[in-house]
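**Q** My questions all concern the structure below.
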Amino acid sequence: MTYETTQRVTVSLPPSLATYLDEYQKSHQLSSRSEAVAQAIEALREKQLAEEYAEYARSGEFVDLENGDGLESGEDDRLWK
782 MTYETTQRVT
792 VSLPPSLATY
802 LDEYQKSHQL
812 SSRSEAVAQA
822 IEALREKQLA
832 EEYAEYARSG
842 EFVDLENGDG
852 LESGEDDRLW
862 K
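Here's what the structure looks like:
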């Protein structure tokens with residue numbers, strides 16, 4: 782994982798989480814603790830996004846693809862072929 786720019790942050794962890802972070806870094810051959818923390822934050826972001834999509838789908842507000850989304854009859858057929 783490579784980022785064009787980075788920002789330094791300081792994080793304090795309980796010893797058990799710091800140990801796990803080091804073990805994770807080594808077992809996944811990551812270059813640094815920072816890379817392991819970045820992966821953890823990315824995983825949290827993906828989890829939150831998945832939860833938000835699931836909630837949106839449950840709300841019934843999502844677009845109904847069967848209705849052609851405003852296209853004239855038959856126009857949507859060309860898009861999917």
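Residue 862, in my numbering, is where the sequence shown stops; the numbers in between run on with no holes. For glycine and all other residues, C-beta sits at the position ideal for the given N, C-alpha and C.
(1) At the level of alpha carbons, what is the spacing between Q820 and E833?
(2) So, using beta-carbon positions, are R814 and L802 closer together than 8 angstroms?
(3) Could you check where the alpha helix (DSSP H) with P796 kicks off and where it finishes?
(4) So A799 and Q806 are supposed to be a Cβ contact under 8 angstroms. How far apart are they, rounded?
**A** Considering the structure as presented:
(1) 20 angstroms
(2) Contact: yes.
(3) Looking at the DSSP string, the run of the alpha helix (DSSP H) that includes P796 is P796 to S808.
(4) So it is not a contact: roughly 11 angstroms between Cβ atoms.
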